[in-house]
Amino acid sequence: MGRMLYSVTMSLDGFIAGPGGDMSWLTEHLGPNPTVEKLIGDIGALLVGNRTFGGDDPHRGTDKEGEPFGGGWSGPQFVLTHHAPETPVPGVTFVGDLDSAVAAAKAAAGDKYVNVLGASIARQCLDAGVLDEILVFIVPVLLGDGVRLFDRPGGTNIRLERLSLTQAPGATSIWLRVVG
0 MGRMLYSVTM SLDGFIAGPG GDMSWLTEHL GPNPTVEKLI GDIGALLVGN
50 RTFGGDDPHR GTDKEGEPFG GGWSGPQFVL THHAPETPVP GVTFVGDLDS
100 AVAAAKAAAG DKYVNVLGAS IARQCLDAGV LDEILVFIVP VLLGDGVRLF
150 DRPGGTNIRL ERLSLTQAPG ATSIWLRVVG
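All residue numbers for the sequence shown refer to numbering that gives the first Met the number 0, where the first residue is 0 and numbers rise by one.
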């Protein structure tokens with residue numbers, strides 16, 4: 000079975016979205032990145048939080064809007080939600096609980112990654128002990144407010160082991176394994 004990977008782009012001050020979930024800040028930081036290009040080929044399925052699925056899109060207003068990785072990836076998507084839309088969405092399965100969503104996404108991914116998208120669902124996966132790796136692309140911008148990479152009131156230490164550290168134009172990536 001595939002591994003669970005949370006991949007995300009983050010500002011230097013720790014935000015993955017601006018106030019209200021605004022993703023427009025990310026648009027100027029999208030571009031060629033060898034780590035992203037390799038990752039896309041290693042993804043077998045997406046596990047997406049409902050707010051992320053229905054939220055802001057850095058590709059808004061373009062032909063890439065609503066497409067995972069700006070249209071660079073296609074495949075099965077699983078959205079964790081208690082309120083599935085009445086109209087089916089092609090290629091998207093809406094699942095009501097985390098365990099079922101993780102099992103379905105892993106089965107669909109085969110030996111490839113299940114790529115987790117969304118801060119809340121990533122935290123839920125971490126809490127459930129099913130998140131294997133985290134890949135953070137750090138871009139040179141300070142947002143000052145918004146959605147944090149991980150928000151854990153009261154705090155908790157989660158040990159991570161660095162797998163790689165790479166640089167590309169406009170971003171530094173840190174690939175980590177969750178160890179406890």
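The beta carbon of each residue, even a glycine, is placed where N, CA and C say it ideally should be.
(request) Could you tell me which residues DSSP pairs with Q76 in its beta bridges? (result) L45 and V91
(message) Using 8 angstroms for Cβ pairs, my map puts L148 next to V135. What's the rounded Cβ distance?
(response) 7 angstroms
(request) Could you tell me the boundaries of the alpha helix (DSSP H) in which G97 lies? (result) Correcting the residue type first, residue 97 is Leu in the shown sequence and not Gly. Per DSSP, L97 belongs to the alpha helix (DSSP H) from L97 to A108.
(message) Tell me the rounded alpha-carbon separation between T86 and T92.
(response) 12 angstroms
(request) Tell me, please, which residues DSSP counts as bridged to R161. (result) L175
(message) Just to confirm my understanding: we take D144, look at its own chain, exclude 5 residues before and 5 after, and list those with CB closer than 6 angstroms. What are they?
(response) P18
(request) Given a cut-off of 8 angstroms, decide if V177 and L159 are closer than it, judged by their beta-carbon atoms. (result) yes
(message) Can you tell me which residues form a DSSP beta bridge with R122?
(response) BP columns for R122 are empty, so no partner.
(message) On the criterion of 16 or more Cβ atoms from any shown chain inside 10 Å, does S6 qualify as buried, or is it exposed?
(response) buried
(message) Going by beta-carbon coordinates alone, are D131 and M9 separated by less than 8 angstroms?
(response) no
(request) State the Cα-Cα distance for the pair T80 and N114, rounded to the nearest angstrom. (result) 17 angstroms
(request) For my contact list, V223 and Q76 are in at a C-beta cut-off of 8 angstroms; report their separation, rounded to the angstrom. (result) Outside the shown range of the chain (0 to 179) lies residue 223, about which nothing can therefore be said.
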